Amino acid sequence: EVQLLESGGGLVQPGGSLRLSCAASGFTFSSSAMSWFRQAPGKRLEWVSSVGINTPTNTYYADSVRGRFTISRDNSKNTVYLHMNSLRADDTAVYFCAKGRGSGWNGGDCWGQGTLVTVSS
Amino acid sequence: DIQMTQSPSSLSASVGDTVTITCRASQGISNYLAWFQQKPGKAPKSLIYGVSNLQSGVPSRFSGGGSGTEFTLTISSLQPEDFATYYCQHYNDYPLTFGGGTKVEIK
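Residue numbers (our numbering), protein chains in the order written: chain A, 628 to 748; chain B, 46 to 152.
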């Protein structure tokens, strides 16, 4: 069974940093692209970042996070990370990791349960 | 960036009804269109990829269609567990973008 388990969310002050982790199991992690999405309260889903099967060459970012967030993966630990710096109030959201279909997003096929990030003083 | 527009934003229907949700892209996206279901407080669930391909385990009452810039999600014989919010998403290129969602409520 494919499982994705996010962790690392919490309350952080504006300008602070957090690292989200997504531990994967039940599939060949090294052969799958991975993505992060987020959803602010009452808002639509928003894509944040994606990583292909080869980093750092295949990384992609939304304009709203480029230069502040970094996606990475550790295939030895079956884990994808989202390093978030210079956090702002509008980064407050539930963050979901999701598995791509094969080496790209391709519509995805499995999502984690999400982890809440709150940016507030 | 490609903008995705869904309609309606909400609808009321009864168990057994057939409902159709429309998603329009601001430019052609070939067949790079996916649909997701989300229930309150839960993670999204992948339903359809490539316009019309059902994800594993998704009931056949869900179907997707369309091409170019206009796409549809149809739910035939609506079941109680289908009441949720549905999102379309294009993956023609980055940035990936979602429609605003369609909330399917019980009449």
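Heads up, the beta-carbon is just placed ideally off N, CA and C, and yes, glycines get one too.
Every value quoted in this text rests on a predicted model; they were computed, and no experiment measured them.
Contact annotation, residue 52 of chain B with residue 152 of chain B: C-beta distance approximately 18 angstroms; criterion of less than 8 angstroms not satisfied. According to the DSSP secondary-structure assignment, residue 109 of chain B is paired through a beta bridge with B:118. In the DSSP assignment, residue 148 of chain B falls within the unbroken beta strand (DSSP E) covering 147-151. The beta carbon of residue 142 of chain B falls within 9 angstroms of a beta carbon belonging to chain A, placing the residue at that interface.
Taking a contact as a CB-CB distance under 8 angstroms, the pair residue 147 of chain B and residue 78 of chain B does not count as one, their CB atoms being some 15 angstroms apart. Judged by their CB atoms, residue 648 of chain A and residue 725 of chain A are not nearer to each other than the 9 angstroms cut-off. Looking at the backbone, the Cα of residue 89 of chain B and that of residue 720 of chain A are separated by about 14 angstroms.
Within the same chain, and ignoring the five residues on either side of residue 698 of chain A in sequence, the residues whose Cβ sits closer than 6 angstroms to its Cβ are 676, 678, 686, 709.
Within chain B, 94 have C-beta atoms less than 8 angstroms from the C-beta of residue 728 of chain A, given in sequence order.
Annotation for residue 664 of chain A: the continuous beta strand (DSSP E) segment containing it runs 661-666. Within the same chain, and ignoring the five residues on either side of residue 712 of chain A in sequence, the residues whose Cβ sits closer than 6 angstroms to its Cβ are 644, 695. Interface annotation, residue 717 of chain A: not in contact with chain B, CB-CB separation never under 9 angstroms. Only those residues of the region 110-131 of chain B whose C-beta falls short of 8 angstroms from the nearest C-beta of chain A would be listed, and there are none. None of the residues of the region 692-722 of chain A has a beta carbon lying less than 8 angstroms from any beta carbon of chain B. The region 72-87 of chain B makes contact with the region 133-141 of chain B: 3 or more CB pairs, one atom from each, lie closer than 8 angstroms.
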